[in-house]
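Protein chains in written order, with the working numbering: chain F, 1 to 261; chain C, 1 to 261.
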């Protein structure tokens, strides 16, 4: 993967937009051949009967394939890619970052379930004892994302007053999720609206740990796979480790040096 | 309501498009003040505790308010409006039409449920014994319809080879629905794609009885009310009347003459 550090860097304008909105979309960051290789690797990994493959409550198909950097060398290299790490470092400063979670969210055609309004830090804080909402979620679209295949919806600026109030939903989705209720989402949307980034495979998206988002079910015949790397400063690491390693990795080795040889 | 018959008529081009696609969108057919009056009338009707107000399985809020032309004079007049009837007659010919169903589908903010892929004729045929897929569904948006508040998605041309195969779903939605499975929707979408008409309140939409459609849940803070009049040629009336009158009205008095004085 040959894109240089300079190419990967965000402009000052983009950094301002990220601070204001809590997310930024970066089209065309990964090439079609790279995306094809990721999808091919994923096809194999999804056939494995392992706890890292989380299945939908109803259909039993794989909803999320986790721990990917430990399961395939392609993803092992990808978590060190400057196109992911350079923007993250511009936001977080030049501090050691570890790979907190490395997964692909698979919204299969016709069966992909909805995700209620939530933000990731609620889980990271309540379940793992992460102190501050500093982690960044770095997405790569592995399919074209359209209005029809269960795209993520974000409330821009919903991170600005600090993490919103949450409650634990154990019924709607395939695993317990700290959700943000209508009485909280309503006023946030009134202020910031809703955006729904779409685009071809290879599009990159970065958003913050306290940004409120949701997604509708995928009712279309088109799958919607998204690679997701969550990076977190080592300084801000989890304080408890009650959850499985693939949900929050315990290896705090700083990213950026490449995989061990 | 003053729009003339000439204004209401579809052009030859629009009629061709309707024949090809099975639907047509007609922006700005109803004025903002008319829509406001409809919404005000509906607010009152929705507070009634009657069987015509169908409630969501989960939340208990009104999902569909039916039999409206018999419950409020505004809707009693609306079913005779040339803006609805003239396009319908252009498609069906100059034959007597009756009001088969008169409702508002309410997708309330945050709670509005999804509708699986289906077409209306499956219910009209299986439940009511309607012989042919001739009925037309005439919609008026009573709120702005956006990508976020549970808009209808249609498969253009899905009516062309005759009604698609169906099966009865008694679990997903708040009442039993004849749905079209993934193995049928997939090829239809491959041929025709998916369209999702959006637009301000007052937009009109007409679609045929065999056209495959669906809608995602409304996860947004914005409600999505749509008025729906289903007209059917008297000649093609129901052959059985096992369902409640508000689900398929038994009064075959031809539309267009106005309400009885």
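The C-beta atom is built at its ideal place from N, Cα and C for all residues, glycine as well.
C-beta atoms of residue i and residue j nearer than 8 Å
i                     : j                     : result
residue 164 (chain C) : residue 180 (chain C) : yes
residue 56 (chain C)  : residue 147 (chain C) : no
residue 52 (chain F)  : residue 66 (chain F)  : yes
residue 169 (chain C) : residue 243 (chain C) : no
residue 80 (chain F)  : residue 223 (chain F) : no
residue 225 (chain C) : residue 86 (chain C)  : no
residue 30 (chain F)  : residue 204 (chain F) : yes
residue 151 (chain C) : residue 193 (chain C) : no
residue 106 (chain C) : residue 63 (chain C)  : yes
residue 135 (chain C) : residue 100 (chain C) : yes
residue 97 (chain F)  : residue 88 (chain F)  : yes
residue 110 (chain F) : residue 182 (chain C) : yes
residue 229 (chain F) : residue 102 (chain F) : yes
residue 82 (chain C)  : residue 202 (chain C) : no
residue 220 (chain C) : residue 149 (chain C) : yes
residue 248 (chain C) : residue 178 (chain C) : no
residue 238 (chain C) : residue 130 (chain C) : yes
Listed by chain order, chain F residues near residue i by CB distance under 8 Å
i                     : result
residue 214 (chain C) : 219
residue 207 (chain C) : Near residue 207 (chain C) there are no residues of chain F at all, since even the closest Cβ is about 18 Å away, more than 8 Å.
Cβ separation of residue i and residue j, assumed to be a contact under 8 Å, to the nearest whole Å
i                     : j                     : result
residue 10 (chain F)  : residue 90 (chain F)  : 5 Å
residue 234 (chain F) : residue 252 (chain F) : 5 Å
residue 218 (chain F) : residue 108 (chain F) : 7 Å
residue 154 (chain F) : residue 23 (chain F)  : 5 Å
residue 207 (chain C) : residue 140 (chain C) : In fact, because the Cβ distance is near 13 Å, the residues do not count as touching under 8 Å.
residue 209 (chain F) : residue 133 (chain F) : 4 Å
Range covered by the beta strand (DSSP E) that runs through residue i
i                     : result
residue 191 (chain F) : Note, residue 191 (chain F): premise wrong, no beta strand (DSSP E); alpha helix (DSSP H) at 182-192.
residue 78 (chain F)  : Looking at the DSSP string, residue 78 (chain F) is not in any beta strand (DSSP E); the run it does join, the alpha helix (DSSP H), is 73-78.
residue 44 (chain F)  : It is not in any beta strand (DSSP E) - residue 44 (chain F) instead sits in the alpha helix (DSSP H) that spans 32-46.
residue 55 (chain C)  : 53-55
residue 139 (chain F) : 136-141
residue 169 (chain C) : 167-169
residue 281 (chain C) : Chain C is shown only over 1 to 261; residue 281 (chain C) falls outside these bounds and no answer can be derived.
residue 202 (chain C) : No beta strand (DSSP E) holds residue 202 (chain C); DSSP gives it neither H nor E.
residue 146 (chain C) : It is not in any beta strand (DSSP E) - residue 146 (chain C) carries neither H nor E in the DSSP assignment.
residue 68 (chain F)  : No beta strand (DSSP E) holds residue 68 (chain F); DSSP gives it neither H nor E.
residue 179 (chain C) : 177-179
Contact set between residue i and chain C, taken where Cβ atoms lie within less than 8 Å
i                     : result
residue 194 (chain F) : 148 and 220
residue 189 (chain F) : 220 and 221
Cβ of residue i within 8 Å of any chain D Cβ
i                     : result
residue 154 (chain F) : The chain inventory of the structure shown lacks chain D, comprising the protein chains F and C.
Start and end residues, alpha helix (DSSP H) containing residue i
i                     : result
residue 213 (chain F) : Where residue 213 (chain F) is concerned, there is no enclosing alpha helix (DSSP H), although the beta strand (DSSP E) it sits in stretches over 213-215.
residue 244 (chain F) : Per DSSP, residue 244 (chain F) belongs to no alpha helix (DSSP H) and is neither H nor E.
residue 123 (chain F) : 120-128
residue 101 (chain C) : Run containing residue 101 (chain C): none in the alpha helix (DSSP H); it sits in the beta strand (DSSP E), 97-107.
residue 323 (chain F) : Missing from the structure shown is residue 323 (chain F); chain F here goes from 1 to 261 and no further.
residue 16 (chain F)  : 12-21
residue 92 (chain F)  : 82-92
9 Å Cβ cut-off: residues of chain C touching residue i
i                     : result
residue 182 (chain F) : 109, 110, 111 and 221
residue 186 (chain F) : 109, 110 and 221
residue 114 (chain F) : 114, 216, 217 and 219
Examine the Cβ distances between the region 70-89 of chain C and the region 36-53 of chain C and report whether three or more of them are shorter than 8 Å.
yes
Cβ pair count under 8 Å reaching 3, the region 212-221 of chain C against the region 111-125 of chain C
yes
May I ask you to verify whether the region 189-208 of chain C touches the region 131-146 of chain C, counting CB pairs closer than 8 Å and requiring at least 3?
yes
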